[in-house]
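Structure first, commentary second.
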Amino acid sequence: MSITNQNIEELIALCKSKNQKAQFEIYNRYCKAMYNVAYRIVKDEHFAQDVMQEGFLKAFTKINDYKQEVAFGAWLKRIIINSSIDFYKKNNAFQMEDLNKTLYKIEESDSILSESIDLNSLKVKQVLDTISGLKDNYRMVLTLFYIEGYDQEEICEILNISYANCRTTISRAKESLRKKLEDIEIIT
Numbered sequence: 001m002s003i004t005n006q007n008i009e010e011l012i013a014l015c016k017s018k019n020q021k022a023q024f025e026i027y028n029r030y031c032k033a034m035y036n037v038a039y040r041i042v043k044d045e046h047f048a049q050d051v052m053q054e055g056f057l058k059a060f061t062k063i064n065d066y067k068q069e070v071a072f073g074a075w076l077k078r079i080i081i082n083s084s085i086d087f088y089k090k091n092n093a094f095q096m097e098d099l100n101k102t103l104y105k106i107e108e109s110d111s112i113l114s115e116s117i118d119l120n121s122l123k124v125k126q127v128l129d130t131i132s133g134l135k136d137n138y139r140m141v142l143t144l145f146y147i148e149g150y151d152q153e154e155i156c157e158i159l160n161i162s163y164a165n166c167r168t169t170i171s172r173a174k175e176s177l178r179k180k181l182e183d184i185e186i187i188t
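Numbering follows the UniProt record's numbering, with no gaps: position 136 of the sequence shown is 136.
Below is the structure:
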C-alpha cells in the first residue's frame, strides 16, 4: 500500500518512527485546514504560514505524546491554535481585558444573536468581515466559539482565562457584533 493510501493511524505510527514520507503525507492532508485556523487568529497570510509550519514541527516533535484520546485533526488543531495565540501575543502585545475585576451580572442569554438574526438570510462574508473588525479579544473568542466550535471550558484553557472571564468576554463580543451588524443593516 502506498503512503498516500494509508489511514491516519498507520501514518501516525510511521511518524512516531520519524518517517519523513508519512510526515509529509500528514502535512499535505491537514495543511490547508491548519493554515485557515492560523490565519483566523494572526490575520496575516505570511505569518499564518509561519505559524502553521511551526505548529506542524511541534506536532511532529511531540507525536509520541499523542494518545488517540481525540481525533488527530483535533489534537493538531489545538497545537496550531496555541501556536497562533502565542505568536499573536508575542507580536502584538496582546492583552486580554482583566474582566475578573469587573463585577456585574452576566446575562445567561446565548440567544442574543439567534433571537434577532434570521440565520437563513445572513450574508456570511459580511458577518465574518464584521467579526474580524472587532477588538482582538472579542474576535478570538467568537472565532473559537462559533467558527472553531470550542466550548467555553476549552476556550478558557486555550486563552488561559477564568470561566467567568470567558463567559463575560463572549457575552460582550456577541453584543458588540450584534451592534455592528445592526449598523451595517445586516440585522434589524
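The beta carbon of each residue, even a glycine, is placed where N, CA and C say it ideally should be.
Distance between beta carbons of residue j and residue i, contact taken as under 8 Å
| i | j | result |
| --- | --- | --- |
| S176 | L134 | 6 Å |
| M52 | Y66 | 18 Å between Cβ atoms; not a contact. |
| I63 | I12 | 7 Å |
Simplified DSSP assignment, three categories, for residue i
| i | result |
| --- | --- |
| Y88 | helix |
| G55 | helix |
| D151 | coil |
| Q20 | helix |
| D50 | helix |
| Y35 | helix |
| G73 | helix |
| D44 | coil |
| N160 | coil |
| N7 | coil |
| Q68 | coil |
Nonlocal neighbours in the same chain, by C-beta distance under 6 Å from residue i, ignoring five residues either side
| i | result |
| --- | --- |
| A59 | L76 and I79 |
| L14 | A22 |
| I147 | none |
Extent of the continuous alpha helix (DSSP H) run through residue i
| i | result |
| --- | --- |
| I184 | Where I184 is concerned, there is no enclosing alpha helix (DSSP H), given that its DSSP letter is neither H nor E. |
| Y146 | No alpha helix (DSSP H) contains Y146, which DSSP labels as neither H nor E. |
| I63 | It is not in any alpha helix (DSSP H) - I63 carries neither H nor E in the DSSP assignment. |
| L134 | Per DSSP, L134 belongs to no alpha helix (DSSP H) and is neither H nor E. |
Beta-carbon proximity list for residue i, same chain, < 8 Å, skipping 5 on both sides
| i | result |
| --- | --- |
| V141 | I155, L159, C166, T169, I170 and A173 |
| T143 | R40, I41 and I131 |
Nonlocal neighbours in the same chain, by C-beta distance under 7 Å from residue i, ignoring five residues either side
| i | result |
| --- | --- |
| residue 215 | With the chain running from 1 to 188 in the structure shown, residue 215 is simply not present. |
| E54 | S83 |
| L99 | Note that L99 scores a pLDDT of 33, beneath 50, so its modelled location is shaky and nothing firm can be said. |
Near the ligand FAD: residue i beta-carbon under 7 Å from a heavy atom
| i | result |
| --- | --- |
| C15 | For the structure depicted, the ligand FAD is absent and the ligand set is empty, with no information on it obtainable. |
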